[in-house]
Amino acid sequence: TPEALEQAPFIADHLLARGFAGIYLKQRVRADLRRKDQQELAPNAVFRGEPAPADLHVREGQLSFLVDPTDGLSTGLFIDQRDNRARVLGSAANLRVLNLFSYTCSFSVAAAVGGARETVSVDLSGRYLAWGEQNLVLNGVAGPQQRLLKADAADYLRRAKKRGESFELIILDPPSFGSHGKKSFSIQRDYKALASDALSLLAPGGRLLAVTNHRKTSLERFQRWLEEAALEARCQIASLRPSPTPHDCPPWTAAESGQRGARANQAISPTKAVWLTRH
Numbered sequence: 203t204p205e206a207l208e209q210a211p212f213i214a215d216h217l218l219a220r221g222f223a224g225i226y227l228k229q230r231v232r233a234d235l236r237r238k239d240q241q242e243l244a245p246n247a248v249f250r251g252e253p254a255p256a257d258l259h260v261r262e263g264q265l266s267f268l269v270d271p272t273d274g275l276s277t278g279l280f281i282d283q284r285d286n287r288a289r290v291l292g293s294a295a296n297l298r299v300l301n302l303f304s305y306t307c308s309f310s311v312a313a314a315v316g317g318a319r320e321t322v323s324v325d326l327s328g329r330y331l332a333w334g335e336q337n338l339v340l341n342g343v344a345g346p347q348q349r350l351l352k353a354d355a356a357d358y359l360r361r362a363k364k365r366g367e368s369f370e371l372i373i374l375d376p377p378s379f380g381s382h383g384k385k386s387f388s389i390q391r392d393y394k395a396l397a398s399d400a401l402s403l404l405a406p407g408g409r410l411l412a413v414t415n416h417r418k419t420s421l422e423r424f425q426r427w428l429e430e431a432a433l434e435a436r437c438q439i440a441s442l443r444p445s446p447t448p449h450d451c452p453p454w455t456a457a458e459s460g461q462r463g464a465r466a467n468q469a470i471s472p473t474k475a476v477w478l479t480r481h
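FYI, this note's numbering numbers position 144 of the sequence shown as 346, with every residue one higher than the one before it.
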């Protein structure tokens with residue numbers, strides 16, 4: 203908010219006095235980020251104190267992740283999925299895990315540390331896959347059983363379906379919008395088909411973690427997409443359970459989300475996450 207931005211220097215000075223070495227300022231605005239200047243929202247330069255070292259890593263329970271506060275708004279780790287990473291860590295033993303739109307492979311790291319027999323991480327960015335490999339090395343779980351594939355997620359799903367592949371755990375967390383060459387991706391247009399293809403690879407009793415950050419898609423609509431995707435995939439749902447965001451990633455109100463006709467106090471989370479279990 204503008205009020206918080208005005209207070210940023212005082213907050214930063216207070217944090218430095220509490221022992222923090224350096225503070226970076228990131229602005230999370232309720233707007234289409236494709237039309238915003240990333241340097242204005244998230245400058246590369248340190249805001250207060252000392253700049254971060256090049257090999258900065260953070261601890262999250264049993265896990266370690268490399269982060270880069272100079273990399274705009276995408277610093278390498280999305281903290282709103284912390285609880286879901288813990289769930290993956292605690293339930294991945296002996297599972298074959300597919301991580302689509304894997305970014306820096308934090309879910310793959312959680313699964314591997316949790317004892318998954320194999321992880322497959324799919325992303326279009328070679329840079330972020332290399333970052334993910336570093337995360338696997340940092341956690342002592344790199345190896346041939348952790349596969350990193352530079353590929354379009356939709357294309358990979360179609361090929362995997364033809365090969366008759368199967369996974370016990372699938373993570374589906376795409377960006378709200380994206381483009382690659384002549385192809386484009388939109389959550390509202392493409393998520394249901396993507397989820398249907400993912401569910402066709404889900405083994406009986408397997409689980410899908412479905413996530414979206416699209417601010418104008420309500421949790422109710424998101425769950426309907428998953429139910430319709432399951433019908434298309436001929437996948438019988440055993441359970442469909444929302445996963446709330448952590449306490450330090452509070453939901454947006456309807457007014458902040460831009461939803462018309464909604465009450466100002468109606469909560470609509472920027473991150474919607476749902477665990478789907480197949481019969």
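Even for Gly, the Cβ is constructed at its ideal location relative to N, Cα and C.
Tell me whether residue i is buried or exposed, calling it buried when 16 or more other Cβ atoms sit within 10 Å of its Cβ.
i	result
Asp375	buried
Pro211	exposed
Ser276	exposed
Gln264	exposed
Asp402	The sequence shown places Ser at residue 402, not Asp. Its Cβ being crowded by 16 or more others within 10 Å, Ser402 is buried.
Asn286	buried
Gly328	exposed
His416	buried
Ser304	buried
Ala440	exposed
Hey, residue i and residue j are a contact pair by Cβ (cut 8 Å); roughly how many whole angstroms apart?
i	j	result
Ser368	Ala395	No, Ser368 and Ala395 are not in contact; Cβ-Cβ is about 20 Å, not under 8 Å.
Thr306	Ala313	Thr306 to Ala313, Cβ: 14 Å. No contact.
Val248	Leu279	In fact, because the Cβ distance is near 18 Å, the residues do not count as touching under 8 Å.
Asp340	Ser266	With the sequence shown as reference, residue 340 is identified as Leu, and Asp is not the correct amino acid for it. With a Cβ gap of about 5 Å, Leu340 and Ser266 count as contacting.
Ala244	Gly224	Their Cβ separation, rounded to whole angstroms, is 15 Å, which puts Ala244 and Gly224 out of contact at 8 Å.
Gln348	Arg319	About 11 Å separates the two Cβ atoms, so there is no contact after all.
Val311	Val269	Actually they are not in contact, since the Cβ atoms of Val311 and Val269 sit about 13 Å apart, beyond 8 Å.
Ala400	Leu359	6 Å
Work out the CA separation of residue j and residue i for me, nearest whole Å.
i	j	result
Gln209	His449	22 Å
Arg298	Leu291	13 Å
Asp354	Ala219	46 Å
Trp477	Gly251	41 Å
Ser293	Glu429	23 Å
Thr479	Gln438	9 Å
Thr419	Gln229	22 Å
Leu350	Leu411	19 Å
Leu300	Val324	8 Å
Glu458	Asp257	Only weak support exists for where Glu458 lies, its pLDDT of 48 falling under 50; the value from the coordinates is given anyway. Distance between the alpha carbons of Glu458 and Asp257 is about 36 Å.
Trp427	Tyr393	8 Å
Leu371	Asp215	44 Å
Val413	Gln390	13 Å
Leu207	Gln425	35 Å
Glu422	Arg284	22 Å
Pro271	Ala254	7 Å
Pro377	Thr473	11 Å
Considering just the uninterrupted stretch of the beta strand (DSSP E) at residue i, what are its terminal residues?
i	result
His216	Premise fails: His216 lies in the alpha helix (DSSP H), Pro204 to Ala219, not in any beta strand (DSSP E).
Ser323	Glu320 to Asp325
Ala295	First-last for Ala295: undefined, no H or E at that position.
Glu262	His259 to Glu262
Gln348	Gln348 to Lys352
Val413	Leu404 to Thr414
Following a CB-centred definition, is residue i positioned closer than 7 Å to any heavy atom of the ligand FMN?
i	result
Pro406	This structure simply doesn't include the ligand FMN, nor any ligand for that matter.
At what residues does the alpha helix (DSSP H) containing residue i begin and finish?
i	result
Gly274	Taken as a continuous stretch (DSSP letters only), Gly274 belongs to no alpha helix (DSSP H), as it is neither H nor E.
Ala314	Ser308 to Val315
Phe424	Leu421 to Glu434
Gly334	Gly328 to Leu340
**Asked** For the stretch 354-388, which segments carrying the alpha helix (DSSP H) assignment without a break, of at least 4 residues, lie completely within its bounds, in sequence order?
**Response** Whole alpha helix (DSSP H) segments, 4+ residues: 355-365.
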